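Novice:
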Amino acid sequence: MNLLGGGYLLFYYLIAYHLPSSSLPVVGKFSKWIREISCKFLLRKMGHCCNIQRHVYLGTGSDISMGNYSALGENLKIHNTYLCIGDYVMMGPDVMIMGGGHVFEKTDIPMAKQGNIGKSELIICDDVWIGTRVTILGNVKTIGKGAIIAAGAVVTKSVPDYAIVGGNPAKVIKYRRI
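Quick note: the sequence shown, position 112, residue 111 per numbering that gives the first Met the number 0, numbers continuous.
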């Protein structure tokens, strides 16, 4: 990361990250605008008319691309993931996207000494709704187009197009009508 990129990162985490919610009158619009501008410099790609709420942890942001008209809910945490977010994606508050993981196959070596599996890759397709407090784990590759993930779900495998999933682990409840 160059010096200029580091400056944008500092600005985001020291100032924009802490600004009030975008739902507040007047000051919320300003906060939304500041976060959107700073994320345009941090993310690999960012579409237009996006909403990044307060306390969204993006790491350096360089492994994240975001489509048009998408929203990242308050307290979102993205760890160890190459993430591609489509258009019209909605994420509720407190979502966790946890990529990577630890190697643990050998029982004669402590897990902490076995290393990690590196970054995961996740594609969230267009028109997806991810509810409050959803956890998406590292082995998930795709959240399909038009999918809905119910609040509190723990997603451990890819979600098909137009599926409504929920539970721990998340299972298909039904499909949306196409």
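Note that CB positions come from ideal geometry on N, CA and C, so glycine has one too. For clarity, every value in this text was computed on a predicted model and none was experimentally measured.
#1: From the DSSP output, in three-state form, read off Val153 for me.
#2: If you compare alpha carbons, which of Ile77, Ser69, Tyr68 is closest to Thr59?
#3: Do the CB positions of Lys112 and Gly99 come within less than 7 Å of each other?
#4: Taking only the alpha-carbon atoms, compute the straight-line gap between Ser21 and Gly165 and give it to the nearest angstrom.
#5: Quick one: residues in its chain with C-beta nearer than 6 Å to the C-beta of Thr134, no 5 flanking neighbours on either side, listed in chain order?
#6: Can you give me the start and stop residues for the beta strand (DSSP E) that Ser119 sits inside?
#7: Taking all protein chains shown into account, decide if Thr106 is buried (16 or more other Cβ within 10 angstroms of its Cβ) or exposed.
#8: Considering only DSSP beta bridges, list what His47 is partnered with.
#9: Do you know whose CA, among Ser69, Cys38, Lys31, lies nearest Gln52's CA?
Specialist: Inspection of the coordinates gives the following:
#1: For the purposes of this step, residue 153 is taken as the residue at position 154 of the sequence shown. Three-state result, Val153: strand.
#2: Taking the sequence shown and counting its residues from 1, the one referred to as residue 59 is at position 60. Looking at the Cα atoms, Ile77 is the closest of the given residues.
#3: Position 113 of the sequence shown, counting from 1, holds the residue named residue 112. Position 100 of the sequence shown, counting from 1, holds the residue named residue 99. No, Cβ-Cβ distance for Lys112 and Gly99 is not below 7 Å.
#4: If you number the sequence shown from 1, residue 21 lands on position 22. If you number the sequence shown from 1, residue 165 lands on position 166. Distance between the alpha carbons of Ser21 and Gly165: 28 Å.
#5: Position 135 of the sequence shown, counting from 1, holds the residue named residue 134. Within the same chain, Thr134 has close Cβ partners Met95, Val153.
#6: Numbered from 1 along the sequence shown, position 120 holds the residue referred to as residue 119. 119–123 is the span of the beta strand (DSSP E), which, as asked, contains Ser119.
#7: Locating residue 106 in the sequence shown gives position 107, counting from the first residue. Classification of Thr106: exposed, given that the 10 Å Cβ count is below 16.
#8: As a first step, residue 47 must be located in the sequence shown, where it is residue number 48. Note: His47 sits in no beta bridge, so no partner.
#9: Taking the sequence shown and counting its residues from 1, the one referred to as residue 52 is at position 53. Nearest option by C-alpha distance: Lys31.
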